[in-house]
Amino acid sequence: MKKKLVGALSGAALLLALTGCGSDDSNDQLDAWAKTVCDQASAQTKQINDANTAITKVDKNGKPADVKAADSAAFEQISEAYKALADIVSKAGAPPVDDGAAQQKATVADLTKASTAYASVKAKVDGLDTTDQGKFADGLTAASAEADTANKTAEAALNTLRKGEVGKSMANQTGCKSPASAPPVSPSAT
Numbered sequence: 000m001k002k003k004l005v006g007a008l009s010g011a012a013l014l015l016a017l018t019g020c021g022s023d024d025s026n027d028q029l030d031a032w033a034k035t036v037c038d039q040a041s042a043q044t045k046q047i048n049d050a051n052t053a054i055t056k057v058d059k060n061g062k063p064a065d066v067k068a069a070d071s072a073a074f075e076q077i078s079e080a081y082k083a084l085a086d087i088v089s090k091a092g093a094p095p096v097d098d099g100a101a102q103q104k105a106t107v108a109d110l111t112k113a114s115t116a117y118a119s120v121k122a123k124v125d126g127l128d129t130t131d132q133g134k135f136a137d138g139l140t141a142a143s144a145e146a147d148t149a150n151k152t153a154e155a156a157l158n159t160l161r162k163g164e165v166g167k168s169m170a171n172q173t174g175c176k177s178p179a180s181a182p183p184v185s186p187s188a189t
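Position 21 (the sequence shown) corresponds to 20 in numbering that gives the first Met the number 0; numbering is contiguous.
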C-alpha cells in the first residue's frame, strides 16, 4: 500500500521535468513566457520532490499515526504546489502561439483539478483510523488509488504544456530542466 503512494508521488515529483528537442528558431516572446513560468515553477517542483522524500522516509513498519501524519503533510504540500502551478500559468497569460489560450486554459483547469484531488486524498488520509491496523491499511490503499488518479490529472496538465513550440521553449529553460537526480525511492520505505 505504501508502495502505491510512493509510486504516485514519485511520478508527481518528476512531472515538471519538461523535455523536448531544442530549436534553433528563436521566438523571443515565447522564450520570455517560458522563462517566466519555469523560473517560478521550479520552487513548486522542489515542493513536490520534498513531499515525495518525506513519504519515503516513513518506515514501512512505523506507527500508523506517523505514517498518517507524513502522508497527510505530503499530500497537502503537493496540493498546494499544483494550485501554485495553476496560478503561475494563469498569471503568465496565454503562451504566444496559435493555440496558446486553449493550452493555458486546459493546463490551468487540469492543474486546479489535480490540486483539488490531492486535497481530497489528504482529507481521506486525515480521516483514517490509526487504532485498527487493518482498516488503516485498507484506507491507505483507497487513498493510493485516489493519489494515482490525481497524478494522472497533473500529468495531463503538464503534457498540454509539453506540446509543440511551447514544450520546446520550456525544455530549454533552466527551471524546467530535469534535476540531476530524482529523490531516491527506498524499497525499505515502501
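Note that the Cβ used here is the ideal one computed from N, Cα and C, for glycine as well.
Next on the checklist: Going by DSSP in three states, A83 sits in which element: helix, strand or coil?
Outcome noted: helix
Item to check | Cβ-Cβ separation, Q102 to V165 (assumed contact under 8 Å), whole Å | outcome: 6 Å
Checklist entry - Relative to the C-alpha of N150, which residue among A68, T111 and G61 is closest? => result T111
Checklist entry - CA-CA distance, D198 and A42? => result In this structure the chain extends from 0 to 189, so residue 198 is not present and cannot be described.
Checklist entry - Using a Cβ-Cβ cut-off of 7 Å (strictly less than) and excluding sequence neighbours within five positions of W32, which residues of its own chain qualify? => result Setting aside the 5 residues that flank it on each side, W32 is surrounded in the same chain by A91, P94 and P95, each with a C-beta closer than 7 Å to its C-beta; the list follows chain order.
Item to check | Outcome for T192 when other beta-carbon atoms lying within 10 angstroms are tallied against a minimum of 16 | outcome: Any answer about residue 192 is impossible in this case: the structure gives the chain only from 0 up to 189.
Item to check | Length of the line joining the Cα atoms of G138 and Q46 | outcome: 25 Å
Checklist entry - Got a sec? Which residues, its chain only, sit under 6 Å from S89 by beta carbon, not counting five neighbours each side? => result Cβ neighbours of S89 beyond the five flanking positions: V107.
Item to check | Segments assigned alpha helix (DSSP H), at least 4 residues, entirely inside the stretch 84-171 | outcome: 99-125, 132-160 and 163-170
Checklist entry - Contact between the stretch 118-134 and the stretch 168-177: three or more CB pairs below 8 Å? => result no
Checklist entry - According to the neighbour-count rule (16 or more other Cβ atoms, all chains shown, within 10 Å of its Cβ), is P182 buried or exposed? => result Reliability fails at P182, whose pLDDT of 36 lies under 50, so the model's placement of it is uncertain and the value that follows must be treated cautiously. By the neighbour-count rule (16 or more Cβ atoms within 10 Å), P182 is buried.
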